[in-house]
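A short worksheet on the structure shown next.
Protein chains in written order, with our numbering: chain A, 6 to 265; chain Y, 6 to 265; chain U, 6 to 265.
Following this line, the structure appears as structure tokens:
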């Protein structure tokens, strides 16, 4: 199997396609995430046209996952009950061949979380969304592009690595998404919202590499548009929801910056 | 017992009375709701002049309910511990003859939630706040006005059915509240906040039909005022809190639209 | 040991020093708080330049506390699991001589919470942040300045008592922080955010009295600046995050109002 590195226009056109299909089909996206991030993440999904659900209860998470088109699992809530819920949710997703995204938040702070994240990677998420510190805790290596690509290839998934420049890799293709704004790191749950958008994109785009790239392009461009209206991190968190809602193909084509 | 369908002016004047009494008496409203909705719901109650509390712990929920003037129960958080808390809270409310509202969120997604909601209806909430899909899951019927009224009559409660036009019914009277804005469906927890306002209204208005109508008129008018200031769902969620805070009789009388 | 009551300029210069060190060193602050308050509290800490973490799981809270520079414990989430987490977190803090703040929220509503709060005070927090009703429930006395100072002295901690005028006392020194705005009482989690800022200040200021005073001065001035931009409690909650982010020494020196 050989994919050429997509040209700039291909990635941006793919993002436009994802955006259109999200608005048109309004997929259901179930999120298992920490209580800090739930509200902002739900609002980010709603701003994109999706229908979020967020229940964490082991008794019913399978029913919600089964009724959804994609799943996002964030490790920020990590007690015994949540681990049970994640386990049930991931198995329900596998059974239905539903794509899911893993966001191994803060695994650099706790060895138990890192061990649990490694088990989850073995259960075959379609994509991982994380930052460089978390990647190092997961993979045991630095985040040179080569090591990220090797990890993606070995685990048969797409990686969306957030940073000053975002990196997307699936072991065959690589793309740098260069949009974004420093205020994105000053609002809690921005990474979780990005992971939820990767899940949403997977609901309408079978190619995990394209889906991950589309999500990072979308949130990066929205962040830049929001920064032009914001007076600080409080108004930025509000403005990025408005920007996700009003984002269209023309804005994406004009402002998206990607590189191989 | 026979109540005539209230004239337009009666319903709006009743809403003005509820608004004034909320500002004057600042009732305590306890909410058992999901963690996605807690922050926005608390802020909506504070904007109306109420004092919210939100503890979910079975150990102390009875003390909080006993110290409150109304209770709102939302099924969005639904694990074993929450079911225990709801059970304790509802019994504490019954003991003190405290009015309570049931919001059976997402019962269409999970048969267990629907079954639990039916048990709760039998424990006599003063009001139900829900949407058409949830009503269908609860009542087993379509949401024609006649079936809603019949369900209200059979269960001796008021129903506040949210939709493009809201319907309020208690089996004898019916009212359509026509305010609102499409952005209200693009912000998470808006329905939960509406349910909390029904509970707040019940704290100062013994007639559950009038209380439910007042709450829907208030949030619908606030939503319309907020939409004139908003650039999207992010700024709308902020603006509706400002609008709830600044709402007064004159604004209600000028903008409220109700029909039998 | 004798400290003179600090002059106005001393307290404000100490606040400027805390602000500078927070921006420069970006301390990690772990918060155990209720799910209503988590998002706003995390964003307030981020706006000040800190790195918040919020996990509540007993399995890993010790690892997060050990990696942090200060801890804030808020009793708003109060079930068996949370009590266990608080116990573990406080012991981890004591072991590392990490400063921690107790916010005994709503202990006036529940005798069990009040009893637990008294146990925690015996474990030697560096500071208490609370309001007059909570102080009365804790100390069994009114909140005359003399009784607050006596409680602080007896328990060897600093007290930050929020009210129309804030009072800071450590049993030797007393200070009144006169900034703030009525809208601060109309937004949920504002008190919890203030407690988190006391914890953040303790991460960079060993004198608990100075740290508590700095935090109250900072949030009070930010609240006043935010009120000039706000149209109600919704936009105020956004504007105070912007104000915390943009706060600088010049603004503090121009606007801070303190009295002995």
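Just so it is clear, CB atoms sit at the ideal spot from N, CA and C, and this is done for glycine as well.
Computed from a predicted model, the values in this text were never measured in an experiment.
Classification of residue 127 (chain U) by the beta-carbon crowding that lies within 10 angstroms, buried from 16 upward: Along the third chain, one-based indexing puts residue 127 (chain U) at 122. Here residue 127 (chain U) is exposed: its Cβ has fewer than 16 other Cβ atoms, across all protein chains shown, within 10 Å.
Using DSSP with H/G/I as helix, E/B as strand and the rest coil, what is residue 19 (chain U)? Position 14 of the third chain, counted from the first residue, corresponds to residue 19 (chain U). Residue 19 (chain U) falls in the helix class under three-state DSSP.
Taking residue 270 (chain U) and residue 27 (chain U) to be in contact with their CB atoms under 8 Å, please state how far apart those CB atoms are, rounded to whole angstroms. Chain U is shown only over 6 to 265; residue 270 (chain U) falls outside these bounds and no answer can be derived.
Less than 8 Å between the beta carbons of residue 70 (chain A) and residue 204 (chain A), yes or no? Numbered from its first residue, the first chain carries residue 70 (chain A) at position 65. Numbered from its first residue, the first chain carries residue 204 (chain A) at position 199. Contact flag unset, no.
Is the CB-CB distance between residue 157 (chain U) and residue 182 (chain U) below 8 Å? Counting from 1 along the third chain, the entry for residue 157 (chain U) is found at position 152. Counting from 1 along the third chain, the entry for residue 182 (chain U) is found at position 177. Cβ atoms of residue 157 (chain U) and residue 182 (chain U): not closer than 8 Å.
Anything in chain Y within Cβ reach of residue 246 (chain A), meaning under 7 Å, just list it in chain order. By one-based count along the first chain, residue 246 (chain A) stands at place 241. Within chain Y, the residues near residue 246 (chain A) are 237, 238, 239.
Closer than 8 Å is the cut-off here; do at least three beta carbon pairs connect the stretch 222 to 240 of chain Y with the stretch 245 to 256 of chain A? Short answer: they touch.
Straight-line gap, residue 96 (chain Y) to residue 214 (chain A) (C-alpha atoms, nearest Å): As a working note, residue 96 (chain Y) is residue 91 in the second chain. As a working note, residue 214 (chain A) is residue 209 in the first chain. Here the alpha carbon of residue 96 (chain Y) sits roughly 53 Å from the alpha carbon of residue 214 (chain A).
State the Cα-Cα distance for the pair residue 18 (chain Y) and residue 222 (chain Y), rounded to the nearest angstrom. Locating residue 18 (chain Y) in the second chain gives position 13, counting from the first residue. Locating residue 222 (chain Y) in the second chain gives position 217, counting from the first residue. Roughly 11 Å between the two C-alpha positions.
Close Cβ partners of residue 125 (chain A) (< 6 Å) along its chain, the five nearest in sequence each way excluded: For the purposes of this step, residue 125 (chain A) is identified with residue 120 of the first chain, where counting begins at 1. Within the same chain, and ignoring the five residues on either side of residue 125 (chain A) in sequence, the residues whose Cβ sits closer than 6 Å to its Cβ are 107.
Return the first residue and the last residue of the beta strand (DSSP E) that residue 36 (chain A) is part of. Mapped onto the first chain, residue 36 (chain A) falls at position 31. Unbroken beta strand (DSSP E) run through residue 36 (chain A): 33 to 37.
In angstroms, rounded to a whole number, what distance separates the CA positions of residue 136 (chain A) and residue 99 (chain A)? Position 131 of the first chain, counting from 1, holds the residue named residue 136 (chain A). Position 94 of the first chain, counting from 1, holds the residue named residue 99 (chain A). Inter-residue distance for residue 136 (chain A) and residue 99 (chain A) is about 25 Å (C-alpha atoms, whole angstroms).
Where residue 44 (chain A) meets chain Y, residues with beta-carbon distance less than 9 Å: The count along the first chain starts at 1 and reaches residue 44 (chain A) at position 39. Near residue 44 (chain A) (Cβ distances below 9 Å), the residues of chain Y are 40, 41, 42, 43, 44, 45, 193, 194.
Based on the DSSP output, what are the partners of residue 50 (chain Y) in its beta bridges? Working through the second chain from its first residue, we reach residue 50 (chain Y) at position 45. Answer is none; residue 50 (chain Y) lacks a bridge partner.
Where DSSP assigns a beta bridge to residue 128 (chain A), which residues make up the other side? Stepping through the first chain from its first residue, residue 128 (chain A) is reached at position 123. In DSSP, residue 128 (chain A) forms no bridge with anything.
Should residue 66 (chain Y) be flagged as near chain A, meaning a C-beta pair shorter than 8 Å? For this step, residue 66 (chain Y) is matched to residue 61 along the second chain. No, its Cβ sits nowhere closer than 8 Å to a Cβ of chain A.
Near residue 200 (chain Y), what residues of its chain come up, given a Cβ to Cβ distance below 7 Å and the 5 sequence neighbours on each side ignored? Walking along the second chain from the start, residue 200 (chain Y) turns up at place 195. Spatial neighbours of residue 200 (chain Y) in its own chain (CB-CB distance under 7 Å, excluding positions within 5 residues in sequence) are listed in chain order as 77, 79, 106, 108, 134.
Alpha-carbon to alpha-carbon, residue 83 (chain A) and residue 91 (chain A): Walking along the first chain from the start, residue 91 (chain A) turns up at place 86. Walking along the first chain from the start, residue 83 (chain A) turns up at place 78. Residue 91 (chain A) and residue 83 (chain A): Cα-Cα distance of roughly 10 Å.
CA-to-CA distance, residue 176 (chain Y) to residue 159 (chain Y), given in whole angstroms: Here the question's residue 159 (chain Y) lines up with position 154 in the second chain. Here the question's residue 176 (chain Y) lines up with position 171 in the second chain. Going from the Cα of residue 159 (chain Y) to the Cα of residue 176 (chain Y) covers about 8 Å.
Distance, residue 195 (chain U) Cα to residue 46 (chain Y) Cα: Sequence index remark: in the second chain, residue 46 (chain Y) carries index 41 (1-based). Sequence index remark: in the third chain, residue 195 (chain U) carries index 190 (1-based). About 15 Å.
Sorted by chain position, which residues of the same chain lie with C-beta nearer than 6 Å to residue 229 (chain A)'s C-beta, five sequence neighbours on each side aside? Here the question's residue 229 (chain A) lines up with position 224 in the first chain. Same-chain partners within the cutoff: 184, 186.
Which residues of chain U have a Cβ atom closer than 8 Å to the Cβ of residue 57 (chain Y), listed in chain order? Counting from one through the second chain, the residue named residue 57 (chain Y) turns up at place 52. By Cβ distance, chain U contributes 193.
Return the residue from the list A:35, A:40, A:52 that minimises the CA-CA distance to residue 243 (chain A). Counting from one through the first chain, the residue named residue 243 (chain A) turns up at place 238. Nearest of A:35, A:40, A:52 to residue 243 (chain A), Cα basis: A:52.
Would you verify that the beta carbon of residue 225 (chain U) is, or is not, closer than 8 Å to some beta carbon of chain A? The residue labelled residue 225 (chain U) in the question sits at position 220 within the third chain. Not one chain A Cβ lies under 8 Å of residue 225 (chain U).
Identify each residue in the stretch 108 to 132 of chain A for which the Cβ-Cβ distance to at least one residue of chain U is less than 8 Å, and report them in chain order. 111, 114, 115, 116, 117, 118
Min CB distance residue 86 (chain Y) to chain U below 8 Å: Along the second chain, read from residue 1 onward, the residue named residue 86 (chain Y) stands at position 81. Residue 86 (chain Y) belongs to the set of residues whose beta carbon lies under 8 Å from a beta carbon in chain U.
For residue 88 (chain Y), which option in Y:119, Y:73, Y:103 has the closest C-alpha, if you only look at C-alpha atoms? The sequence position of residue 88 (chain Y) within the second chain is 83, counting from 1. When only C-alpha atoms are compared, the closest one is Y:119.
For residue 172 (chain Y), the first and last residue of its enclosing beta strand (DSSP E): Walking along the second chain from the start, residue 172 (chain Y) turns up at place 167. It spans 171 to 174 - the beta strand (DSSP E) in which residue 172 (chain Y) sits, taken as one unbroken run.
Considering only C-alpha positions, which residue in the set A:226, A:246, A:265 is nearest to residue 259 (chain A)? For the purposes of this step, residue 259 (chain A) is taken as residue 254 along the first chain, with counting starting at 1. For residue 259 (chain A), the nearest C-alpha among the options comes from A:226.
Measuring CA to CA, which of Y:116, Y:34, Y:162 is closest to residue 178 (chain Y)? As a working mapping, residue 178 (chain Y) is identified with position 173 in the second chain. Comparing Cα-Cα distances from residue 178 (chain Y) to each of Y:116, Y:34, Y:162, the minimum goes to Y:162.
State yes or no: is the beta carbon of residue 243 (chain U) nearer than 8 Å to at least one beta carbon in chain Y? One-based indexing of the third chain puts residue 243 (chain U) at position 238. Yes, residue 243 (chain U) lies at the interface with chain Y (some Cβ there is under 8 Å from its Cβ).
For residue 188 (chain Y), which three-state DSSP category applies? Numbered from 1 along the second chain, position 183 holds the residue referred to as residue 188 (chain Y). DSSP places residue 188 (chain Y) in helix when its eight states are reduced to three.
Residue 59 (chain Y) to residue 153 (chain A), Cα distance in whole Å? Residue numbering aside, residue 59 (chain Y) sits at position 54 when the second chain is read from its first letter. Residue numbering aside, residue 153 (chain A) sits at position 148 when the first chain is read from its first letter. Roughly 44 Å between the two C-alpha positions.
Could you name the residues that DSSP lists as bridge partners for residue 78 (chain A)? Counting from 1 along the first chain, the entry for residue 78 (chain A) is found at position 73. Per DSSP, A:37, A:107.
Using a beta-carbon distance below 8 Å, is residue 48 (chain A) in contact with chain Y? Locating residue 48 (chain A) in the first chain gives position 43, where the first residue counts as 1. Using a CB distance cut-off of 8 Å, residue 48 (chain A) counts as an interface residue toward chain Y.
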